[in-house]
Amino acid sequence: MALRLLLVASVMNPLLSMALRNVLRNRRRTLITLAAVTIGVAAVGTIRGVLNGLQQSIVRGSIEGTLGAIQVHRTGYLANVLSTPLSLDFEADEALLGKVRSVKGVKAIAPRIQFAGSLTLSATEGNDAPEALFFGALAVDPLLEPKVCPQRSTFFTDGTVLDDTHVVLGDALAAAFGAKNGAEAILLAPDRDGSLNGELAFVGGAMRAIMPGEMKIAVVPLSLAQRLLRMDGRVTELAIAVDDLTQVVAIAEQLRVVLGPAYEVHTWEELAPERKTIMGIQNGVSAVVSGVFMMLMLLGVANTMLMSVLERTREVGTMMAVGLTRGSVLWLFLLEALVLGAMGAGGGFLLMSVITLGLASKGIHFTPPSATMAIEVIPFLTPGFTVVVLFIAMGGAVLFALYPAFRASRLRPVQALAGR
Amino acid sequence: MALISLKGITKSYQLGRTSVPALRGVELDVEAGEFTVVMGPSGSGKTTLLNIIGLLDRADAGSFKLDGEELAGRDFNDMAALRNRKIGFIFQSFNLIPVLDVRENIEFPCLLRKEDRTALRKRVELLAEEVGLTSVLKHRPDELSGGQRQRVAIARALVTQPEIVLADEPTANLDSGTSEQILQLMERLNASRGVTFLFSTHDPRIMKRARRVVLMADGKLVDGTAAAKAEVQGVSGLDHS
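Sequence lines, in order, name chains A and B.
Here numbering that gives the first Met the number 0 is used: position 75 in the first sequence is 74, and no number is missing along the way.
Here numbering that gives the first Met the number 0 is used: position 223 in the second sequence is 222, and no number is missing along the way.
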């Protein structure tokens, strides 16, 4: 369709028609220039596509694996999070949950408690010296948690059970105990008044640490934690899933209004600012690399246009002799650059689409440096970025042709006819 | 009133620090319908004179009137429009646009002024028939002989119905038979259409056909009489036989 429009326009406009034919005149040179533009556009698009997939994987891993899109705490909780302040808890009753649900875009709510305690396992075969180990615990509702963090279970090893009587140990903790599934586990923890309480549970399995060197952690059922901590019906955190991640800031703002000053509301970006920083660095590096690709590609266009002007000086003189104005000479060469840019951008778009779709169909699986698990990256292109790249290829081609075109337009007819 | 009137035209070129005079106070009137030849040895200023008359270059000083209109001091785009409307060019090397076919080459000057395509197409076909190009209208210049190319150039020069056609050595790149045909064609067009032709040439065959000969030597015009011709012939060593 676009090509047809271009052809119709070229019939209507003699300069565009000439520009098209001039581009096809030196086919070898045009092919080399087009190849440069096509490869440049495809490389920039593919790099971005892979990065999009990687960043989406990071974001989804954060949101769906651990954080949730939004978290609600009692005001002041995050400032004191290292001391796991049980005193900053709240009643997760229907009145509060109803307020949260009333905000448009909230998809699911999962109540949680973060606390610290110690764990002792009963003696097992080959492990006859039980001892207590301190650990950090996240108490979750086994039924509600998957609605907010569906990827959490991907960290669990095969056969792991998380229900009201089973706890899941981080691999560091499990390794320290040599824990086996079904073993008795005694959890000890101080409640908010400082009284030490104990509860019996069973080892449901283990989970891989997201990053190596993570502290000893465990996921425990919420009901067990509430009994252990004497916090019946109370929690320290609500994790929230939303329908549309692009609306997360607006939803968080709405929650702040609904819940009032007694609660603090944070988006996943506020909870994990280092991930935003990492993605910012990735975007910066990608922009620099893309800029270099684009610059090399556009210098190729400029070189082609300069050669074209030098070769066609006498022809420019002839056209000026029969009445072509300086402005029209400028337009003629800029149109040629635009045609080159448009053809190259079109080729680049096709190539980047094929590569990106090809990679996306199988996914890229790799383990990032310092990570313990492989991640799957599904590359994808966004319409906005694609349009910008195509616009830069076409607009840049015109911009880089400005000097050769201007030079052609400033020729004096008598000079140009003499080929000088 | 003369179609072209030049008074005291001077033009110098700068070669490094040296100023080389090309025209030294040229005075020339050309009437409408003339078939005039400017002759002279190399370096006598013929091409410079044609360039100035063709508005391809500017004189340093003097008055140049085309159809009574003073043209000194016009800007580039004005001059381009005047060239398009009033002047046709025939070049020694044909100077056709290689990416355009014969029809498009002939149409090109008219397309720049956005003429109605249908009327233009009809005019081009008539002109092509007149210069003997009907069978090659769809051909590209590189598919034509030298004579055919020069015919295309002639048709292109005439398609805008100009007041004057300037031809700089139009037969220099043609064999004698083809030159003869081209000269006959231009003579015929001059007679049938009343178009004014002004040539610069070394070719004695053109001089023989010219109804007026303007002789140049050292950037000046010499009276176009037989005595003056002989004088120039003596100075230049040209064979005008």
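Glycine residues also receive a C-beta, built at the ideal position from the N, C-alpha and C atoms.
Using a C-beta cut-off of 8 angstroms, the segment 400–415 of chain A makes contact with the segment 314–325 of chain A, since at least three inter-stretch Cβ pairs fall below that distance. The continuous stretches of beta strand (DSSP E) do not include ILE377 (chain A), and DSSP gives it neither H nor E. Taking C-beta atoms as the reference points, VAL257 (chain A) and SER56 (chain A) fail to come closer than 9 angstroms. Excluding residues up to 5 positions away in sequence, ASN83, ARG155, VAL158 and THR159 lie with their Cβ nearer than 7 angstroms to the Cβ of PRO108 (chain B) in the same chain. In the same chain as VAL135 (chain B), and ignoring 5 residues on each side of it, the C-beta atoms closer than 7 angstroms to its own belong to VAL101, LEU143 and GLN147, in chain order.
In the structure shown, ALA200 (chain A) falls within a strand segment according to DSSP collapsed to helix, strand and coil. Within the segment 32–119 of chain A, the beta strand (DSSP E) runs of at least 3 residues that lie entirely inside it are, in chain order, 69–73.
When the five nearest sequence neighbours on each side are left out, the beta carbons in the same chain lying within less than 8 angstroms of the beta carbon of GLY67 (chain A) are those of ALA109, VAL147, CYS148, ALA238, ILE239, ALA240 and TRP267, in order along the chain. The segment 63–80 of chain A and the segment 216–223 of chain A do not touch, with fewer than three beta-carbon pairs separated by less than 8 angstroms. Within the segment 220–307 of chain A, the beta strand (DSSP E) runs of at least 3 residues that lie entirely inside it are, in chain order, 236–241 and 262–266. Judged by their CB atoms, ASP170 (chain A) and ARG226 (chain A) are not nearer to each other than the 9 angstroms cut-off. Restricting attention to A:MET294, A:GLN54 and A:PHE134, the CA atom closest to the CA of VAL43 (chain A) is found in A:MET294. Within the segment 105–137 of chain B, GLU106, PHE107, PRO108, LEU110, LEU111 and ARG112 place their CB atoms closer than 9 angstroms to a CB of chain A, listed in sequence order. For the segment 12–36 of chain A, the residues whose beta carbon sits under 7 angstroms from a beta carbon of chain B are, in order, PRO13, MET17, ARG20, ASN21 and ARG24.
Inter-segment contact for the segment 372–383 of chain A and the segment 15–25 of chain B is absent: fewer than three beta-carbon pairs are separated by less than 8 angstroms. Under DSSP, ARG23 (chain B) forms a beta bridge with B:THR9. A direct Cα-to-Cα measurement between ASP88 (chain A) and GLU236 (chain A) gives close to 8 angstroms. Close CB contacts of PRO161 (chain B) within its chain, under the 8 angstroms cut and outside five residues either way in sequence, are with ARG84, LYS85, ILE86, GLY87 and VAL194 (chain order). For the C-beta of GLU335 (chain A), not a single chain B residue is nearer than 7 angstroms; the gap to the nearest is close to 11 angstroms.
Residue-level contact by beta carbon fails for LEU339 (chain A) and chain B, as no gap is shorter than 9 angstroms. Among the residues facing chain A, LEU27 (chain B) is not included, as its CB has no counterpart in that chain under 9 angstroms away.
ARG73 (chain B) and ALA417 (chain A) have their alpha carbons spaced roughly 22 angstroms apart. For ILE105 (chain B), the enclosing alpha helix (DSSP H) stretches over residues 101–110. Neighbours of ASP56 (chain B) in chain A, taken as residues at a C-beta separation under 8 angstroms, are given in chain order as ARG411, PRO412 and VAL413. Within chain B, the residues ALA79 and LEU111 have their CB atoms less than 8 angstroms from the CB of LEU323 (chain A), given in chain order. In terms of Cβ geometry, PRO140 (chain B) and ASN172 (chain B) do not form a close pair [threshold 9 angstroms]. Taking C-alpha positions only, GLY7 (chain B) is separated from SER199 (chain B) by approximately 20 angstroms. The C-alpha of LEU70 (chain B) is placed about 32 angstroms away from the C-alpha of PRO203 (chain B). In chain order, VAL321 make up the part of chain A whose C-beta sits under 9 angstroms from the C-beta of ARG155 (chain B).
Closest in C-alpha terms to GLY32 (chain B), from the list B:ARG120, B:ALA190 and B:MET185, comes B:ALA190.
Remark: C-beta atoms of MET296 (chain A) and GLY39 (chain A) approach each other more closely than 9 angstroms. Closest option to PHE201 (chain A), judged by alpha-carbon separation, among A:ALA359, A:VAL386 and A:THR119: A:THR119.
Look at the segment 58–72 of chain A: it has no residue with a C-beta under 7 angstroms from a C-beta of chain B. Annotated as distal: GLY203 (chain A) and THR153 (chain A), with beta-carbon spacing of 9 angstroms or more.
Per the C-alpha coordinates, the member of A:PHE155, A:THR29 and A:ALA18 positioned closest to MET372 (chain A) is A:PHE155. CA-to-CA, the gap between LEU119 (chain B) and THR170 (chain B) works out to about 28 angstroms.
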